[in-house]
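Worksheet: one structure, shown below.
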Amino acid sequence: MTPDRRRLLIGAAAAGLAGPAFGRDPADLVLTGRLVQGGFVMGRTWPRALIFVDGEALTTASASGHFVVGFDRDAPGSVSFESRAGRRSQRRTLPIVTGTFPSSRINGLPPSTVSPTDPALLERIAREVALKTEGFASRIDTDDFRSGFDWPLQTYRVTSHWGAQRVLNGTPARPHYGIDLAAPQGSPIRAPADGVVTLAQPAMHFEGGLTLIDHGQGLISAYLHQSRIDVLPTQRISRGQIIGAVGMTGRATGPHLCWRLRWRDRQINPALLVGYSAPETGY
(Lines of atoms letter the chains of each structure in order from A; the text may use other names.)
(Lines give C-alpha, C1' and ligand atoms only; values in the text may rest on other atoms or scores of the structure.)
Protein backbone atom coordinates (compact mmCIF):
# COMPACT_ATOMS: atom_id res chain seq x y z
CA MET A 1 0.00 0.00 0.00
CA THR A 2 1.41 3.41 -0.98
CA PRO A 3 1.74 6.19 1.65
CA ASP A 4 -0.86 8.29 -0.18
CA ARG A 5 -3.34 5.43 -0.21
CA ARG A 6 -2.73 4.69 3.47
CA ARG A 7 -3.23 8.34 4.41
CA LEU A 8 -6.50 8.61 2.52
CA LEU A 9 -8.00 5.54 4.16
CA ILE A 10 -6.62 6.07 7.65
CA GLY A 11 -7.79 9.69 7.57
CA ALA A 12 -11.35 8.63 6.83
CA ALA A 13 -11.35 6.03 9.59
CA ALA A 14 -9.87 8.49 12.09
CA ALA A 15 -12.72 10.88 11.39
CA GLY A 16 -15.16 8.20 12.52
CA LEU A 17 -16.50 7.65 9.04
CA ALA A 18 -15.95 3.92 8.73
CA GLY A 19 -17.86 1.54 10.94
CA PRO A 20 -20.86 -0.74 11.32
CA ALA A 21 -24.23 -0.10 9.79
CA PHE A 22 -26.51 2.48 11.40
CA GLY A 23 -29.70 0.66 12.38
CA ARG A 24 -29.39 -3.09 12.95
CA ASP A 25 -32.90 -4.36 13.55
CA PRO A 26 -33.97 -6.58 10.61
CA ALA A 27 -37.02 -4.35 10.15
CA ASP A 28 -34.95 -1.18 10.03
CA LEU A 29 -33.76 1.01 7.24
CA VAL A 30 -30.08 -0.01 7.42
CA LEU A 31 -27.48 2.62 6.46
CA THR A 32 -23.70 2.60 6.31
CA GLY A 33 -21.11 4.78 4.65
CA ARG A 34 -18.64 7.65 4.95
CA LEU A 35 -20.50 10.46 6.69
CA VAL A 36 -18.45 13.42 5.50
CA GLN A 37 -18.77 16.11 2.85
CA GLY A 38 -17.89 14.34 -0.40
CA GLY A 39 -18.90 10.99 1.12
CA PHE A 40 -21.86 8.68 0.70
CA VAL A 41 -24.37 6.33 2.30
CA MET A 42 -25.19 2.84 1.09
CA GLY A 43 -28.50 1.52 2.33
CA ARG A 44 -30.69 -1.57 2.47
CA THR A 45 -34.44 -1.50 2.72
CA TRP A 46 -37.49 -3.05 1.08
CA PRO A 47 -37.01 -3.94 -2.61
CA ARG A 48 -38.01 -1.08 -4.91
CA ALA A 49 -38.76 1.24 -2.00
CA LEU A 50 -38.80 4.95 -2.77
CA ILE A 51 -35.94 6.79 -1.03
CA PHE A 52 -36.45 10.34 0.23
CA VAL A 53 -33.43 12.49 1.13
CA ASP A 54 -34.22 15.58 3.20
CA GLY A 55 -37.85 15.22 2.16
CA GLU A 56 -37.19 14.88 -1.57
CA ALA A 57 -37.74 11.63 -3.48
CA LEU A 58 -34.32 11.09 -5.10
CA THR A 59 -33.89 7.40 -5.89
CA THR A 60 -35.39 3.92 -5.73
CA ALA A 61 -33.92 0.84 -4.06
CA SER A 62 -32.87 -2.02 -6.33
CA ALA A 63 -34.60 -5.40 -6.59
CA SER A 64 -32.41 -6.53 -3.68
CA GLY A 65 -33.31 -3.44 -1.62
CA HIS A 66 -29.98 -1.63 -2.00
CA PHE A 67 -29.41 2.03 -2.78
CA VAL A 68 -26.69 4.68 -2.67
CA VAL A 69 -26.80 8.42 -1.94
CA GLY A 70 -23.87 10.84 -2.30
CA PHE A 71 -23.01 14.02 -0.39
CA ASP A 72 -21.36 16.87 -2.23
CA ARG A 73 -18.53 19.13 -1.04
CA ASP A 74 -20.97 21.61 0.51
CA ALA A 75 -23.34 19.10 2.13
CA PRO A 76 -25.09 20.39 5.30
CA GLY A 77 -24.35 19.11 8.81
CA SER A 78 -27.05 16.44 8.79
CA VAL A 79 -29.15 14.48 6.33
CA SER A 80 -32.46 12.66 6.76
CA PHE A 81 -33.48 9.49 4.96
CA GLU A 82 -36.91 7.96 4.56
CA SER A 83 -37.76 4.67 2.87
CA ARG A 84 -41.35 4.12 1.67
CA ALA A 85 -42.87 0.93 0.30
CA GLY A 86 -46.65 0.88 0.22
CA ARG A 87 -47.85 1.73 3.74
CA ARG A 88 -44.48 0.92 5.29
CA SER A 89 -41.91 3.60 6.04
CA GLN A 90 -38.69 4.00 8.01
CA ARG A 91 -36.72 7.16 8.83
CA ARG A 92 -33.15 7.98 9.88
CA THR A 93 -31.22 11.22 10.42
CA LEU A 94 -27.43 11.14 10.32
CA PRO A 95 -24.72 13.78 10.98
CA ILE A 96 -22.34 14.83 8.20
CA VAL A 97 -18.78 15.80 9.16
CA THR A 98 -17.35 18.99 7.63
CA GLY A 99 -14.48 18.21 5.28
CA THR A 100 -11.07 19.85 5.13
CA PHE A 101 -9.96 20.74 1.62
CA PRO A 102 -6.48 21.96 0.58
CA SER A 103 -5.63 24.40 -2.18
CA SER A 104 -3.83 23.38 -5.36
CA ARG A 105 -1.86 25.49 -7.86
CA ILE A 106 -1.15 24.45 -11.44
CA ASN A 107 0.91 26.66 -13.74
CA GLY A 108 2.05 26.28 -17.33
CA LEU A 109 -1.34 25.30 -18.79
CA PRO A 110 -2.18 26.49 -22.33
CA PRO A 111 -4.40 29.59 -21.98
CA SER A 112 -7.06 27.99 -24.20
CA THR A 113 -7.60 25.29 -21.55
CA VAL A 114 -8.10 27.86 -18.77
CA SER A 115 -9.96 30.81 -20.34
CA PRO A 116 -10.91 29.95 -23.92
CA THR A 117 -12.16 32.81 -26.11
CA ASP A 118 -12.03 31.50 -29.70
CA PRO A 119 -15.62 31.19 -31.01
CA ALA A 120 -14.94 27.89 -32.80
CA LEU A 121 -13.39 26.45 -29.64
CA LEU A 122 -16.32 27.66 -27.52
CA GLU A 123 -18.70 25.94 -29.95
CA ARG A 124 -16.69 22.72 -29.64
CA ILE A 125 -16.74 22.94 -25.84
CA ALA A 126 -20.53 23.40 -25.91
CA ARG A 127 -20.89 20.23 -28.01
CA GLU A 128 -18.70 18.32 -25.57
CA VAL A 129 -20.70 19.61 -22.60
CA ALA A 130 -23.81 18.14 -24.23
CA LEU A 131 -22.05 14.76 -24.60
CA LYS A 132 -20.99 14.77 -20.94
CA THR A 133 -24.43 15.86 -19.78
CA GLU A 134 -25.99 12.92 -21.60
CA GLY A 135 -23.42 10.50 -20.17
CA PHE A 136 -23.95 11.71 -16.61
CA ALA A 137 -27.75 11.53 -17.01
CA SER A 138 -27.60 7.71 -17.07
CA ARG A 139 -29.66 5.88 -14.44
CA ILE A 140 -28.85 2.19 -15.00
CA ASP A 141 -31.13 -0.03 -12.90
CA THR A 142 -28.39 -2.01 -11.15
CA ASP A 143 -26.60 -1.96 -7.79
CA ASP A 144 -23.06 -2.67 -9.00
CA PHE A 145 -21.77 -0.31 -6.30
CA ARG A 146 -22.69 -2.82 -3.59
CA SER A 147 -19.23 -4.37 -3.26
CA GLY A 148 -17.38 -1.06 -3.12
CA PHE A 149 -14.53 0.06 -5.37
CA ASP A 150 -10.91 -0.83 -6.08
CA TRP A 151 -8.28 1.71 -7.10
CA PRO A 152 -8.20 2.04 -10.91
CA LEU A 153 -4.37 1.94 -11.02
CA GLN A 154 -2.02 -0.56 -9.41
CA THR A 155 0.88 1.90 -8.98
CA TYR A 156 0.46 5.65 -8.69
CA ARG A 157 1.26 8.80 -6.71
CA VAL A 158 -1.49 11.18 -5.56
CA THR A 159 -0.63 14.65 -6.87
CA SER A 160 -3.92 16.44 -6.17
CA HIS A 161 -6.56 15.49 -3.60
CA TRP A 162 -10.31 15.60 -4.04
CA GLY A 163 -12.03 18.91 -3.27
CA ALA A 164 -8.91 21.06 -3.50
CA GLN A 165 -9.50 24.69 -4.34
CA ARG A 166 -7.66 25.15 -7.64
CA VAL A 167 -5.64 28.09 -8.92
CA LEU A 168 -4.88 27.65 -12.63
CA ASN A 169 -2.15 29.84 -14.13
CA GLY A 170 -2.66 32.17 -11.17
CA THR A 171 -6.45 32.41 -11.63
CA PRO A 172 -8.81 30.92 -8.97
CA ALA A 173 -11.02 28.20 -10.47
CA ARG A 174 -13.73 25.85 -9.25
CA PRO A 175 -12.72 23.12 -6.77
CA HIS A 176 -11.06 20.01 -8.16
CA TYR A 177 -13.65 17.24 -8.06
CA GLY A 178 -11.21 14.46 -8.83
CA ILE A 179 -8.15 12.69 -7.49
CA ASP A 180 -5.06 13.04 -9.67
CA LEU A 181 -3.07 9.80 -9.77
CA ALA A 182 0.32 10.27 -11.44
CA ALA A 183 1.55 7.15 -13.25
CA PRO A 184 3.72 6.31 -16.27
CA GLN A 185 2.29 6.99 -19.70
CA GLY A 186 0.36 3.97 -20.94
CA SER A 187 -0.27 2.40 -17.51
CA PRO A 188 -3.45 0.28 -17.67
CA ILE A 189 -6.60 1.71 -16.11
CA ARG A 190 -8.93 -0.91 -14.62
CA ALA A 191 -12.62 -0.62 -13.82
CA PRO A 192 -12.95 -0.29 -10.02
CA ALA A 193 -16.37 -1.97 -10.04
CA ASP A 194 -18.85 -3.53 -12.44
CA GLY A 195 -20.87 -1.13 -14.56
CA VAL A 196 -22.03 0.09 -17.96
CA VAL A 197 -20.09 2.57 -20.11
CA THR A 198 -22.14 5.71 -20.79
CA LEU A 199 -19.45 7.72 -22.61
CA ALA A 200 -16.15 6.78 -24.26
CA GLN A 201 -14.80 9.81 -26.07
CA PRO A 202 -11.20 10.56 -27.13
CA ALA A 203 -9.72 14.05 -27.55
CA MET A 204 -12.12 16.11 -25.42
CA HIS A 205 -10.81 19.67 -25.08
CA PHE A 206 -10.49 19.74 -21.29
CA GLU A 207 -10.63 16.05 -20.35
CA GLY A 208 -8.75 14.50 -23.28
CA GLY A 209 -9.63 10.81 -23.49
CA LEU A 210 -12.73 10.48 -21.27
CA THR A 211 -14.71 7.44 -20.12
CA LEU A 212 -17.84 7.44 -17.93
CA ILE A 213 -19.15 4.30 -16.19
CA ASP A 214 -22.54 3.99 -14.47
CA HIS A 215 -22.29 1.66 -11.46
CA GLY A 216 -26.02 1.81 -10.81
CA GLN A 217 -28.64 4.40 -9.87
CA GLY A 218 -26.63 7.26 -11.35
CA LEU A 219 -23.39 6.61 -9.46
CA ILE A 220 -21.02 7.41 -12.32
CA SER A 221 -17.22 7.31 -12.31
CA ALA A 222 -15.08 9.31 -14.75
CA TYR A 223 -11.56 8.71 -16.11
CA LEU A 224 -9.82 11.72 -17.67
CA HIS A 225 -6.69 12.38 -19.80
CA GLN A 226 -6.45 8.83 -21.19
CA SER A 227 -4.00 8.10 -23.99
CA ARG A 228 -6.13 5.16 -25.12
CA ILE A 229 -9.75 4.07 -24.58
CA ASP A 230 -10.51 0.35 -24.73
CA VAL A 231 -14.29 0.32 -24.20
CA LEU A 232 -17.40 1.43 -26.08
CA PRO A 233 -20.63 3.16 -25.02
CA THR A 234 -23.33 0.77 -23.66
CA GLN A 235 -20.66 -1.91 -23.03
CA ARG A 236 -21.09 -3.91 -19.84
CA ILE A 237 -17.75 -4.17 -18.03
CA SER A 238 -16.46 -6.13 -15.06
CA ARG A 239 -14.43 -5.12 -12.03
CA GLY A 240 -10.72 -5.24 -12.88
CA GLN A 241 -11.25 -5.05 -16.65
CA ILE A 242 -8.84 -2.76 -18.51
CA ILE A 243 -10.79 0.24 -19.82
CA GLY A 244 -7.92 2.39 -21.14
CA ALA A 245 -4.45 3.76 -20.48
CA VAL A 246 -2.95 6.70 -18.59
CA GLY A 247 -2.05 9.71 -20.69
CA MET A 248 -1.71 13.48 -20.62
CA THR A 249 -4.38 14.49 -23.12
CA GLY A 250 -6.61 17.54 -22.61
CA ARG A 251 -5.79 19.94 -19.77
CA ALA A 252 -2.79 18.14 -18.30
CA THR A 253 0.88 18.95 -17.72
CA GLY A 254 2.07 15.36 -17.22
CA PRO A 255 0.83 11.77 -17.46
CA HIS A 256 -1.81 11.02 -14.85
CA LEU A 257 -5.35 9.79 -14.33
CA CYS A 258 -7.91 12.18 -12.94
CA TRP A 259 -10.48 9.90 -11.26
CA ARG A 260 -13.89 11.37 -10.50
CA LEU A 261 -17.22 10.17 -9.15
CA ARG A 262 -20.67 11.70 -9.29
CA TRP A 263 -23.98 10.65 -7.83
CA ARG A 264 -26.59 12.35 -9.98
CA ASP A 265 -25.69 16.05 -9.68
CA ARG A 266 -23.47 15.63 -6.62
CA GLN A 267 -19.69 15.42 -6.87
CA ILE A 268 -18.26 12.86 -4.41
CA ASN A 269 -14.84 11.53 -3.47
CA PRO A 270 -14.14 8.17 -5.20
CA ALA A 271 -11.38 7.26 -2.70
CA LEU A 272 -13.99 6.98 0.06
CA LEU A 273 -15.68 4.04 -1.71
CA VAL A 274 -12.48 2.00 -1.93
CA GLY A 275 -12.86 -1.13 0.18
CA TYR A 276 -16.42 -0.29 1.27
CA SER A 277 -19.50 -2.46 0.75
CA ALA A 278 -23.25 -2.18 1.20
CA PRO A 279 -25.17 -3.72 4.11
CA GLU A 280 -25.87 -7.39 3.54
CA THR A 281 -29.12 -8.33 1.85
CA GLY A 282 -32.25 -8.51 3.93
CA TYR A 283 -36.01 -8.60 3.50
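Take the sequence shown: its letters are residues 1 to 283, numbered as in the UniProt record's numbering. We put the CB at the ideal spot given by N, CA and C, even for glycine. Small disclaimer: the values here were computed from a predicted structure and weren't measured.
Selection from the options that minimises the alpha carbon distance to residue i
i: residue 299; options: 210, 215, 137 and 217; result: Residue 299 falls outside the range modelled here, since the chain spans only 1 to 283, and no answer is possible.
i: residue 239; options: 198, 208 and 191; result: 191
i: residue 132; options: 34, 154, 167 and 222; result: 222
i: residue 243; options: 193, 206 and 272; result: 193
i: residue 150; options: 50, 256, 235 and 241; result: 241
i: residue 35; options: 79, 157 and 134; result: 79
i: residue 235; options: 51, 61, 140 and 109; result: 140
i: residue 97; options: 130, 73, 128 and 259; result: 73
i: residue 154; options: 45, 83, 257 and 48; result: 257
i: residue 165; options: 93, 178, 174 and 158; result: 174
Residue span of the beta strand (DSSP E) that contains residue i, given as start and end
i: residue 210; result: 208-214
i: residue 248; result: Counting along the chain, residue 248 falls outside any beta strand (DSSP E), and DSSP gives it neither H nor E.
i: residue 263; result: 256-263
i: residue 39; result: Where residue 39 is concerned, there is no enclosing beta strand (DSSP E), given that its DSSP letter is neither H nor E.
DSSP-derived helix/strand/coil call for residue i
i: residue 57; result: strand
i: residue 270; result: helix
i: residue 82; result: strand
i: residue 73; result: coil
i: residue 29; result: coil
Practice item. Spell out a yes or no on whether the segment 246-254 and the segment 272-282 are touching, meaning 3 or more CB-CB pairs, one atom from each, closer than 8 Å. Key: Result no; under three Cβ-Cβ pairs closer than 8 Å.
Review point. Taking only runs of the alpha helix (DSSP H) that begin and end inside the segment 84-170, which ones reach a length of at least 4 residues, in chain order?
Key: Listed in chain order, the alpha helix (DSSP H) runs fully inside the segment 84-170 are 119-136, counting runs of at least 4 residues.
Exercise for review: Could you say if the segment 92-112 and the segment 183-190 meet the contact criterion of at least three C-beta pairs nearer than 8 Å?
Suggested key: Look at the beta carbons and you see the segment 92-112 not touching the segment 183-190: under three pairs across the two are nearer than 8 Å.
Practice item. Flag this pair as touching only if the segment 215-230 and the segment 67-77 have three or more C-beta atom pairs under 8 Å; answer yes or no. Key: Yes, the segment 215-230 is in contact with the segment 67-77.
Point to revise | Three or more C-beta pairs below 8 Å linking the segment 249-261 and the segment 230-240 | key: Taking 8 Å as the limit for Cβ pairs, the verdict is that the segment 230-240 does not touch the segment 249-261.
Review point. Between the segment 37-51 and the segment 106-125, do three or more beta carbon pairs fall short of 8 Å?
Key: Not touching, per the Cβ criterion.
Review point. Below 8 Å, can you find three or more Cβ-Cβ pairs linking the segment 127-147 to the segment 268-278?
Key: Yes, the segment 127-147 is in contact with the segment 268-278.
Check your understanding: Taking the runs of the beta strand (DSSP E) that are 3 residues or longer, which of them lie wholly in the segment 173-236?
Key -> Runs of the beta strand (DSSP E) spanning 3 or more residues and lying entirely within the segment 173-236 occur at 178-182, 188-190, 195-204, 208-214 and 219-226, in chain order.
Review point. At a cut of 8 Å, does the segment 193-203 reach the segment 164-184 through at least three beta carbon pairs?
Key: No, the segment 193-203 does not touch the segment 164-184.
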